[in-house]
Ligand SMILES: Nc1ncnc2c1ncn2[C@@H]1O[C@H](COP(=O)(O)O)[C@@H](O)[C@H]1O
Ligand SMILES: Nc1ncnc2c1ncn2[C@@H]1O[C@H](COP(=O)(O)O)[C@@H](O)[C@H]1O
Ligand SMILES: Nc1ncnc2c1ncn2[C@@H]1O[C@H](COP(=O)(O)O)[C@@H](O)[C@H]1O
Ligand code: NA
Ligand code: NA
Ligand code: NA
């Protein structure tokens, strides 16, 4: 069957950003997302999850341009002050229209 | 070390499909899977997780042909009536035989 | 915006290995990780999670050479005796330095 | 008289918690219970109900039980048909959606059951101990009948329906299994041997039910938007069907020789709509049915109606009839 | 006298559990409670506190309440300023970090509140029922004042601060919402109607608080490393500010006509530092503030100090002043 | 006499819950408790046991304690050797698998401990308060001895074994830590000061144990398939070893001057097999050992055997010997 390429953007962030990030995603053109919680540690040293509770892990399948926009947005607004990590990868989906 | 390419198929679906989807995966040739729960929202509007509980998120590493078969199967049996999203991506594994 | 390629290594393992695996990752050069829990089944037949509790699922973004080293390390030390599955995929990140 | 019963019910901790949670959620306050607590509480409630029923059965003699049991089976067969016919005729809904919704009204809501027990407890009205046994019966029969209706239709159409699977989904599902396990343990151990576990399963019951209803309130409130979309016909029927089925339940209860308490409970069960077992079964058996309709009706309208004003009404019916 | 009160407090189950958990964690023992239990326990504690306060308000007449209420608002305005000024002057911290920390000392710690209640309960000292109402007020006012300070400064700098959002974060946040929901339910239902839920919300309270403090101990212990980094100035202030604010609280309480118990509670609230509502609000409103400073001060130093030795001190102050 | 004790035990809520859960799971019913409840319950049980033991130690004087303590250490050394030798000789298993399984029989099952306490409670048989202290000792010694056996062998073979790590895994692991933390808190606070937390840690104990055993039943039932594979030799030994070790425990208990209750408990501990601490340690120290063997033996055969029929047998032994 024919599949189409889309971008899967995964964001791991401290939970206090939950509402904000989900709003941002919608505005940047994501049509949906999946969210779960995760723990972890990184270079930020101090782990906010100790008092904020577990991090959130967001996955959203989007068009390439939206993926670009999301990463750029994260860099501009969150990377400097918050515990946020994000990555994008190419995936194949069966119903591309659902994510446009 | 030498790695071999396989397909990682990720399925996010409403929890009521749990038993069915896992049976389907086995029959379609998946040798194993990992399953966790997730929340989310999409174009389906109404979120079944409100009363069904969190969605399930299934990951299964399979051969390319099996990945194709899984996506095709999902499109045919579930996409129209259920809250299901799935994507496939290429990953590298160390023990390909384990997934054949 | 410019993104750089890195490797996302995902490890699913029985929970008893938690402390060990996280130590190994640090020593092999991972600068951070995200960890959550998952259930699943595979070819190992008997599912250790019945009495050990859910598996752990570790994600770590690393340089290509570190990814190689991690997979090699897992094959050598864990694959034969423990319930461990791992895969690597190429992802794009905005702040490559964070993962070096 | 009725109004005072409504106020008493409204000011009881569980119902009050439900109403407060609905209001808070409507003003966008975050009062959801932590994930993981909801399944724990529902597991607890089902087990506790089962144990209570099992203890009751241990004391009761078969003579008292068979008539209410028969009445429950009959109700399980009639109530979904009442729902189905009114949804088709008055609700102008298709066969599938009508059958889907009917399955919810044929089945029962265990939480509504616990609320009516708490209400009667507070009112000082005694209840037969074995009523939880009827709950298990009613939960199943109604779903089966409603799915059979859809099944028959689909067969005629040549459409495929996996209702065998749906049935086993119900029978092996946690809600039925926990209820029956509780019944079995309670029946085998009997009241004395269960005293050590009473602090958990009896003493904490009202408190944990209150906690649970906070979560129910947030869930129900999220359905309000859908209620608007669902249209006035469905909303009206989601209020009318419980009253009709409640009356049938009250009649059946009094005929079966239940006291005022037991009759009130049977009426409430008949009036209640399932929002756990039924949706899961229907989702499998009738995937094309619109969840927006059956969840909105059962969870968004009938459930709040029953626990806030319905229960006192069924109590009044029971007193009138026995 | 004071020392014996400290020993009594230290040997109470909740405080002892906290201390043991700290020690175990420091020797790398794994005593963390399972994930998911922490949010369940904090939800429970907030609801239980709210219900208790609501019951108290139901009994109290407005005449007794308005003065303490006023005192709380005044305290909510003064305590963060005390903190801010001392952090700027003595702590030599920047505006942002000072305001961020001040928000924590302006707000309150609900857990510290529950520990002082348990302490007074054990001491046999009666407390006014409506105190939990003051908790809700104090939790908010202090944060607002402190954020306003930062806000004013940032405005001058032309910097952007999303403090409107931060405020709604606090007001709609679970801790305030659960507290207020509990107050509303308790107030509406009143003591008699809540008796069925007392086994859960009253009977289990000390035990679940003890369980909760085990988790708090592990979290506080993880901050110890940070305490070293934070420097002696901040640590000293994290001990001094509570004592000053505690004294202010004791004075305010006695002026407001509270008894020894109520005055002790108000002093403890004034002395306590928030580590749930405040951090979340500050993280949003002042993202450039260093969490390493405000969490270490509130959770790593002030919280342990207050529950182990602070409470008996505030109790002594209260007895001296009333 | 014995048979009636077996029936009494079988009809107690916890054991009944276990049996019902096993049966339900075997007929593919879904009675698993929600994820997250299992770790919460085991945390609770370990803390509650520890607190009980701590209270007991607070009252006991060293004179009564040192003999049972010595007996426990001796048992901790002998029982794994009994297991190891019989598994090698009669079970015809390799060194690694024999040592791995022996570690489980040398260690103890805290849940079996709680079931025997509940059984004696129901029987009205008094027990020494400090027994939970022995539990902590026994849990560790047996594992160490068994791992030492394997260690010695592996050293000879020149094979590598990370048993230091395994040991710290046990000592820092949650089960030991929670137990010891509970003991410390109970010992320091003493009975009076712990009264406020009794509703949680004493009152709810039988109920929460019952809930826990439902989950244990589902887990044990999942091992049934493995039991078939494991072969009759292992199954036979998984029934014989507990009886032998139980007898040794009963003898040791009576020699150590314990009463019938305490002797029954020590016998049960000696007979019980660990399925939490031991598997985790063995998985690390002896990765090549086959979990299918040691989990099946301890969890699939010995655990059900002990709680259903073993305990009354050990009780009979104790009565015969003291
Ligand atoms: N290299 C990484 N791979 C995967 N997740 C990471 C990585 N680095 C950081 N994270 C996640 O991002 C969170 C914040 O990281 P940091 O901002 O570096 O403290 C951590 O708690 C992890 O959950
Ligand atoms: N674009 C997306 N990216 C990631 N997950 C999605 C996306 N769209 C939907 N989902 C997930 O799939 C579920 C069902 O989506 P839908 O069928 O569109 O309502 C949602 O609840 C999400 O968990
Ligand atoms: N093909 C697969 N795809 C995804 N996860 C797998 C796969 N096979 C095994 N796993 C995960 O790895 C764990 C151990 O697998 P195994 O060692 O094959 O028993 C399982 O419990 C799953 O969580
Ligand atoms: Na019904
Ligand atoms: Na304060
Ligand atoms: Na043993």
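Residue numbers (our numbering), protein chains in the order written: chain A, 1 to 100; chain B, 1001 to 1100; chain C, 2001 to 2100; chain D, 3001 to 3322; chain E, 4001 to 4322; chain F, 5001 to 5322.
C-beta: ideal position from N, C-alpha, C; glycine also.
Since we're looking at a predicted model, the values are computed, not measured.
List, in order along the chain, the chain A residues whose C-beta lies closer than 8 Å to that of residue i?
| i | result |
| --- | --- |
| residue 4041(E) | The premise fails here: residue 4041(E) is roughly 13 Å from chain A at the closest Cβ pair, so nothing lies under 8 Å. |
| residue 2031(C) | 42, 43 |
Applying a beta-carbon distance threshold of less than 7 Å, which residues of chain D neighbour residue i?
| i | result |
| --- | --- |
| residue 4199(E) | 3203, 3204, 3207 |
| residue 1016(B) | 3280, 3283, 3284 |
| residue 5033(F) | 3043 |
Just the chain F side, please: which residues come within less than 9 Å of residue i by C-beta, in chain order?
| i | result |
| --- | --- |
| residue 2048(C) | 5279, 5283, 5291, 5295 |
What residues of chain A sit near residue i, judged by a beta carbon separation below 7 Å?
| i | result |
| --- | --- |
| residue 4314(E) | Near residue 4314(E) there are no residues of chain A at all, since even the closest Cβ is about 24 Å away, more than 7 Å. |
| residue 4287(E) | 81, 82 |
| residue 1012(B) | 34 |
Here's a check: name, in chain order, each residue in its chain whose Cβ is nearer than 6 Å to the Cβ of residue i, leaving out the five neighbours to either side.
| i | result |
| --- | --- |
| residue 5215(F) | 5033, 5038 |
Please work out which residues of its chain come closer than 7 Å, Cβ to Cβ, to residue i, disregarding the five sequence neighbours upstream and downstream, and give them in chain order.
| i | result |
| --- | --- |
| residue 3(A) | 92, 93, 94 |
| residue 1020(B) | none |
| residue 3076(D) | 3106, 3137, 3138, 3141, 3142, 3145 |
| residue 5074(F) | 5252 |
Under 8 Å from any heavy atom of ligand 8, does the C-beta of residue i make it?
| i | result |
| --- | --- |
| residue 1061(B) | Absence of ligand 8 is noted for the structure shown, with ligand 1, ligand 2, ligand 3, ligand 4, ligand 5 and ligand 6 being the only ligands found. |
Our contact map puts residue i next to residue j with C-beta atoms below 8 Å; I'd like the distance itself, whole angstroms only.
| i | j | result |
| --- | --- | --- |
| residue 4078(E) | residue 4136(E) | Not quite, the Cβ-Cβ distance comes to about 18 Å (not below 8 Å), so this is no contact. |
| residue 5133(F) | residue 5183(F) | 6 Å |
| residue 4230(E) | residue 4292(E) | 7 Å |
| residue 5219(F) | residue 2051(C) | 7 Å |
| residue 5056(F) | residue 5130(F) | 4 Å |
| residue 5221(F) | residue 5022(F) | 5 Å |
| residue 4233(E) | residue 4296(E) | 12 Å between Cβ atoms; not a contact. |
Name, please, each residue of chain B whose Cβ falls closer than 7 Å to the Cβ of residue i.
| i | result |
| --- | --- |
| residue 3222(D) | 1050 |
| residue 3140(D) | Correct list: empty, because the minimum Cβ distance to chain B is about 18 Å. |
| residue 2071(C) | 1001, 1003, 1094 |
Interface residues of chain A around residue i at Cβ under 9 Å?
| i | result |
| --- | --- |
| residue 1057(B) | 34, 36, 59 |
Grab me the residues of residue i's own chain with a C-beta within less than 8 Å of its C-beta, minus the 5 sequence neighbours each way, in chain order.
| i | result |
| --- | --- |
| residue 4169(E) | 4280, 4281, 4284 |
| residue 2038(C) | 2012, 2054, 2055, 2056, 2057 |
| residue 1089(B) | 1007, 1008, 1010 |
At a CB-CB cut-off below 8 Å, which residues of chain E make contact with residue i?
| i | result |
| --- | --- |
| residue 40(A) | None at all; the shortest Cβ gap to chain E is about 13 Å. |
For residue i, return the contacting residues in chain F, with the cut-off set at a CB-CB distance below 7 Å.
| i | result |
| --- | --- |
| residue 4017(E) | 5185 |
Closer than 8 Å by beta-carbon distance: list the chain D residues that pair up with residue i, in chain order.
| i | result |
| --- | --- |
| residue 4178(E) | 3031 |
Which bits of chain C does residue i rub up against, with CB to CB less than 8 Å?
| i | result |
| --- | --- |
| residue 5299(F) | 2051 |
Mind pulling the chain B residues with CB within less than 8 Å of residue i?
| i | result |
| --- | --- |
| residue 2086(C) | 1093, 1094 |
Does any residue of chain I have a CB that is nearer than 9 Å to the CB of residue i?
| i | result |
| --- | --- |
| residue 2006(C) | The structure shown contains no chain I; its protein chains are A, B, C, D, E and F. |
Strictly below 8 Å CB to CB, what residues from chain F border residue i?
| i | result |
| --- | --- |
| residue 3173(D) | 5030 |
Which residues in chain E have a C-beta closer than 7 Å to the C-beta of residue i? List them in chain order.
| i | result |
| --- | --- |
| residue 3210(D) | 4197 |
Every unbroken alpha helix (DSSP H) inside the segment 5211-5248 of chain F [4 residues or more]: 5224-5230
message: Quick check for students: name the residue ranges of the alpha helix (DSSP H) that lie wholly in the segment 3104-3137 of chain D, counting only runs of 4 or more.
response: 3110-3123
query: On the three-pair Cβ rule with 8 Å, is the segment 3106-3124 of chain D touching the segment 3265-3277 of chain D?
result: yes
- prompt: Below 8 Å, can you find three or more Cβ-Cβ pairs linking the segment 1059-1074 of chain B to the segment 2026-2033 of chain C?
  reply: no
query: Where are the alpha helix (DSSP H) runs, 4 residues long or more, that stay fully inside the segment 2028-2057 of chain C, in chain order?
result: 2049-2052
task: Decide if the segment 3255-3266 of chain D is in contact with the segment 3233-3241 of chain D; the criterion is three or more beta carbon pairs, one per stretch, under 8 Å apart.
output: no
task: Determine contact between the segment 5109-5126 of chain F and the segment 5205-5225 of chain F, defined as no fewer than three beta-carbon pairs at a distance below 8 Å.
output: yes
- prompt: Which runs of the alpha helix (DSSP H) spanning at least 4 residues fall entirely within the segment 4188-4213 of chain E, listed in chain order?
  reply: none
message: Restricting to runs no shorter than 3 residues, where is the beta strand (DSSP E) found entirely within the segment 57-95 of chain A?
response: 84-93
message: Count Cβ pairs between the segment 5046-5060 of chain F and the segment 5199-5209 of chain F that sit closer than 8 Å; are there 3 or more?
response: yes
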